[in-house]
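*Asks:*
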Amino acid sequence: MSVGAQPNVLIANYKCLRVGQPIFIRIFKEERMLEIWVKSDSNEFKLFKDYEICNFSGDLGPKLKEGDRQSPEGFYSVGAKALNPNSSFHLSFNLGFPNAYDQSHQRTGSYLMVHGDCVSVGCYAMTDGAIEEIYLLVEAALQSGQPSVPVHAFPFRMTSERLSAETENQWFDFLMNLKTGYDMFQITGVPPSVTVLDQAYISDDKDQN
5 MSVGAQPNVL
15 IANYKCLRVG
25 QPIFIRIFKE
35 ERMLEIWVKS
45 DSNEFKLFKD
55 YEICNFSGDL
65 GPKLKEGDRQ
75 SPEGFYSVGA
85 KALNPNSSFH
95 LSFNLGFPNA
105 YDQSHQRTGS
115 YLMVHGDCVS
125 VGCYAMTDGA
135 IEEIYLLVEA
145 ALQSGQPSVP
155 VHAFPFRMTS
165 ERLSAETENQ
175 WFDFLMNLKT
185 GYDMFQITGV
195 PPSVTVLDQA
205 YISDDKDQN
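Position one of the sequence shown corresponds to residue 5 (our numbering), numbered consecutively onward.
(1) Less than 8 Å between the C-beta atoms of N181 and Y205, yes or no?
(2) G113: buried (16+ other C-beta within 10 angstroms of its C-beta) or exposed?
(3) How about Y105 and G78: are their beta carbons less than 8 Å apart?
(4) My guess is that E35 and L64 are in contact by the Cβ rule of under 8 Å, so how many angstroms apart are they, rounded?
(5) I need the boundaries of the beta strand (DSSP E) containing L99, first residue and last residue.
(6) Quick check on I29: does DSSP put it in helix, strand or coil?
(7) Taking F158 as the reference, which of P76, L95, Y55, I40 has the closest Cα?
(8) Would you list the residues sitting across from V42 in a DSSP beta bridge?
(9) At a cut of 8 Å, does the segment 89-105 reach the segment 132-142 through at least three beta carbon pairs?
See the structure below:
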(Lines of atoms letter the chains of each structure in order from A and count residues from 1; the text may use other names and numbers.)
(Lines give C-alpha, C1' and ligand atoms only; values in the text may rest on other atoms or scores of the structure.)
Protein backbone atom coordinates (compact mmCIF):
# COMPACT_ATOMS: atom_id res chain seq x y z
CA MET A 1 0.00 0.00 0.00
CA SER A 2 1.40 3.37 -0.99
CA VAL A 3 0.36 5.76 1.74
CA GLY A 4 2.23 8.28 3.80
CA ALA A 5 2.10 6.52 7.17
CA GLN A 6 5.19 4.53 8.11
CA PRO A 7 5.08 1.67 10.65
CA ASN A 8 8.21 2.70 12.53
CA VAL A 9 6.79 6.20 12.96
CA LEU A 10 3.34 5.00 14.02
CA ILE A 11 4.64 2.65 16.69
CA ALA A 12 7.47 4.83 17.99
CA ASN A 13 7.25 5.26 21.77
CA TYR A 14 4.61 2.51 22.08
CA LYS A 15 6.48 -0.24 23.88
CA CYS A 16 5.31 -3.80 23.21
CA LEU A 17 3.06 -2.63 20.36
CA ARG A 18 4.03 -3.62 16.83
CA VAL A 19 2.49 -3.19 13.40
CA GLY A 20 0.95 -6.51 12.46
CA GLN A 21 -0.31 -7.37 15.92
CA PRO A 22 -4.10 -7.84 16.25
CA ILE A 23 -6.06 -4.62 16.55
CA PHE A 24 -9.51 -3.55 17.71
CA ILE A 25 -11.47 -0.46 16.68
CA ARG A 26 -14.09 1.42 18.68
CA ILE A 27 -16.21 4.25 17.28
CA PHE A 28 -18.14 6.79 19.36
CA LYS A 29 -20.56 9.06 17.50
CA GLU A 30 -21.31 11.62 20.19
CA GLU A 31 -17.62 12.09 20.98
CA ARG A 32 -16.72 11.97 17.25
CA MET A 33 -13.91 9.58 18.11
CA LEU A 34 -12.39 6.45 16.56
CA GLU A 35 -10.02 4.47 18.79
CA ILE A 36 -7.36 1.99 17.71
CA TRP A 37 -6.37 -0.65 20.28
CA VAL A 38 -3.42 -3.00 19.73
CA LYS A 39 -2.91 -6.40 21.34
CA SER A 40 0.10 -6.30 23.66
CA ASP A 41 2.45 -9.08 24.69
CA SER A 42 0.31 -9.54 27.81
CA ASN A 43 -2.68 -10.33 25.51
CA GLU A 44 -4.56 -7.29 26.75
CA PHE A 45 -5.29 -4.58 24.20
CA LYS A 46 -3.66 -1.20 24.77
CA LEU A 47 -4.93 2.08 23.39
CA PHE A 48 -2.66 3.05 20.51
CA LYS A 49 -4.29 6.25 19.34
CA ASP A 50 -7.62 7.99 19.00
CA TYR A 51 -8.67 9.86 15.89
CA GLU A 52 -11.30 12.55 15.48
CA ILE A 53 -14.09 11.48 13.14
CA CYS A 54 -14.20 14.15 10.47
CA ASN A 55 -17.82 13.47 9.48
CA PHE A 56 -20.67 10.99 9.90
CA SER A 57 -24.30 10.97 8.84
CA GLY A 58 -27.55 11.18 10.75
CA ASP A 59 -28.18 11.26 14.47
CA LEU A 60 -27.49 9.03 17.45
CA GLY A 61 -29.24 5.71 16.90
CA PRO A 62 -28.92 2.69 14.61
CA LYS A 63 -29.16 2.56 10.84
CA LEU A 64 -32.53 1.12 9.80
CA LYS A 65 -32.82 1.12 6.03
CA GLU A 66 -31.10 1.90 2.77
CA GLY A 67 -31.09 5.62 2.09
CA ASP A 68 -31.81 6.85 5.63
CA ARG A 69 -28.36 8.52 5.68
CA GLN A 70 -27.69 7.07 9.11
CA SER A 71 -24.29 5.75 10.20
CA PRO A 72 -24.53 2.26 11.73
CA GLU A 73 -24.16 1.26 15.37
CA GLY A 74 -23.35 -2.24 16.52
CA PHE A 75 -20.66 -4.92 16.45
CA TYR A 76 -19.01 -5.40 13.08
CA SER A 77 -16.08 -7.32 11.63
CA VAL A 78 -13.66 -6.32 8.88
CA GLY A 79 -11.91 -9.00 6.84
CA ALA A 80 -9.35 -8.71 4.05
CA LYS A 81 -12.02 -8.57 1.33
CA ALA A 82 -13.47 -5.45 2.96
CA LEU A 83 -10.35 -3.38 2.22
CA ASN A 84 -10.40 -1.03 -0.75
CA PRO A 85 -7.07 0.65 -1.56
CA ASN A 86 -8.61 2.15 -4.71
CA SER A 87 -11.53 3.86 -3.01
CA SER A 88 -13.01 7.05 -4.42
CA PHE A 89 -12.63 8.31 -0.85
CA HIS A 90 -8.84 7.83 -0.72
CA LEU A 91 -8.85 4.54 1.24
CA SER A 92 -11.72 2.60 2.78
CA PHE A 93 -12.89 -0.57 4.46
CA ASN A 94 -16.42 -1.93 4.59
CA LEU A 95 -17.96 -2.42 8.04
CA GLY A 96 -20.08 -5.35 6.88
CA PHE A 97 -23.51 -3.79 7.42
CA PRO A 98 -26.00 -5.40 7.63
CA ASN A 99 -24.56 -7.98 10.03
CA ALA A 100 -26.52 -10.92 11.42
CA TYR A 101 -28.16 -8.71 14.06
CA ASP A 102 -29.19 -6.09 11.50
CA GLN A 103 -30.57 -8.75 9.18
CA SER A 104 -32.61 -10.29 12.01
CA HIS A 105 -34.26 -6.87 12.44
CA GLN A 106 -34.83 -6.45 8.68
CA ARG A 107 -32.40 -3.55 8.48
CA THR A 108 -31.06 -2.74 5.04
CA GLY A 109 -28.14 -0.80 3.66
CA SER A 110 -24.95 -1.22 1.68
CA TYR A 111 -21.43 0.13 1.32
CA LEU A 112 -21.19 1.43 4.87
CA MET A 113 -17.53 2.28 5.27
CA VAL A 114 -14.80 3.91 7.24
CA HIS A 115 -13.02 6.03 4.65
CA GLY A 116 -11.14 9.25 3.96
CA ASP A 117 -12.10 12.47 2.18
CA CYS A 118 -14.18 13.80 5.11
CA VAL A 119 -17.58 13.40 3.39
CA SER A 120 -20.36 11.06 4.53
CA VAL A 121 -23.72 9.77 3.32
CA GLY A 122 -23.91 7.04 5.96
CA CYS A 123 -20.25 6.24 6.52
CA TYR A 124 -17.67 7.27 9.09
CA ALA A 125 -15.39 9.69 7.26
CA MET A 126 -11.88 10.50 8.41
CA THR A 127 -9.25 12.90 7.16
CA ASP A 128 -6.98 11.38 4.54
CA GLY A 129 -4.05 11.41 6.97
CA ALA A 130 -6.05 9.56 9.61
CA ILE A 131 -7.40 6.90 7.25
CA GLU A 132 -3.87 6.24 5.98
CA GLU A 133 -2.74 5.31 9.49
CA ILE A 134 -5.89 3.36 10.32
CA TYR A 135 -5.90 1.47 7.02
CA LEU A 136 -2.22 0.55 7.39
CA LEU A 137 -2.83 -0.95 10.84
CA VAL A 138 -5.92 -2.88 9.71
CA GLU A 139 -4.17 -4.20 6.61
CA ALA A 140 -1.02 -5.20 8.53
CA ALA A 141 -3.02 -7.04 11.20
CA LEU A 142 -4.97 -8.99 8.58
CA GLN A 143 -1.84 -9.82 6.58
CA SER A 144 -0.18 -11.05 9.78
CA GLY A 145 -2.94 -13.56 10.47
CA GLN A 146 -5.72 -11.79 12.35
CA PRO A 147 -8.86 -13.37 10.80
CA SER A 148 -10.85 -10.15 11.02
CA VAL A 149 -10.72 -6.84 12.84
CA PRO A 150 -13.63 -6.19 15.22
CA VAL A 151 -15.19 -2.74 14.93
CA HIS A 152 -17.60 -1.73 17.68
CA ALA A 153 -19.65 1.36 16.82
CA PHE A 154 -21.46 3.06 19.70
CA PRO A 155 -23.67 6.15 19.90
CA PHE A 156 -21.60 7.35 22.89
CA ARG A 157 -19.44 5.98 25.69
CA MET A 158 -21.73 3.46 27.33
CA THR A 159 -21.29 4.45 30.95
CA SER A 160 -24.11 3.94 33.43
CA GLU A 161 -24.24 7.68 34.04
CA ARG A 162 -24.62 8.47 30.34
CA LEU A 163 -27.23 5.74 29.86
CA SER A 164 -29.29 7.05 32.77
CA ALA A 165 -30.24 9.97 30.51
CA GLU A 166 -31.60 7.59 27.87
CA THR A 167 -34.24 5.62 29.79
CA GLU A 168 -37.03 7.10 27.62
CA ASN A 169 -35.09 6.54 24.40
CA GLN A 170 -36.94 4.26 21.96
CA TRP A 171 -33.66 2.37 21.51
CA PHE A 172 -32.96 1.87 25.22
CA ASP A 173 -33.07 -1.95 25.02
CA PHE A 174 -30.68 -1.81 22.06
CA LEU A 175 -28.39 0.48 24.03
CA MET A 176 -28.34 -1.91 26.98
CA ASN A 177 -27.51 -4.76 24.60
CA LEU A 178 -24.55 -2.75 23.27
CA LYS A 179 -23.47 -1.93 26.81
CA THR A 180 -22.89 -5.63 27.58
CA GLY A 181 -20.13 -5.82 24.98
CA TYR A 182 -18.79 -2.40 25.92
CA ASP A 183 -18.52 -3.34 29.60
CA MET A 184 -16.86 -6.66 28.85
CA PHE A 185 -13.99 -4.95 27.06
CA GLN A 186 -13.71 -2.31 29.79
CA ILE A 187 -13.29 -5.06 32.38
CA THR A 188 -11.11 -7.58 30.55
CA GLY A 189 -9.10 -5.47 28.11
CA VAL A 190 -9.93 -8.04 25.43
CA PRO A 191 -12.57 -7.55 22.70
CA PRO A 192 -15.46 -9.93 23.35
CA SER A 193 -16.52 -12.58 20.89
CA VAL A 194 -19.93 -11.42 19.66
CA THR A 195 -22.65 -13.61 18.17
CA VAL A 196 -26.37 -13.11 17.57
CA LEU A 197 -29.13 -15.17 19.17
CA ASP A 198 -32.87 -14.43 19.24
CA GLN A 199 -32.33 -11.00 17.66
CA ALA A 200 -29.85 -9.92 20.33
CA TYR A 201 -26.09 -9.58 20.56
CA ILE A 202 -24.44 -12.16 22.81
CA SER A 203 -21.02 -11.09 24.10
CA ASP A 204 -18.56 -13.69 25.37
CA ASP A 205 -15.22 -12.95 27.03
CA LYS A 206 -13.48 -15.60 24.92
CA ASP A 207 -10.58 -13.97 23.07
CA GLN A 208 -11.40 -14.00 19.35
CA ASN A 209 -7.99 -12.66 18.36
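Virtual Cβ for every residue (Gly too), placed ideally from N, Cα, C. What you are looking at is a predicted structure, and each value in this text was computed from that prediction instead of being measured.
*Replies:* Let me spell this out:
(1) yes
(2) buried
(3) yes
(4) So it is not a contact: roughly 11 Å between Cβ atoms.
(5) Unbroken run through L99: none, as it is neither H nor E.
(6) strand
(7) P76
(8) I27, K50
(9) yes
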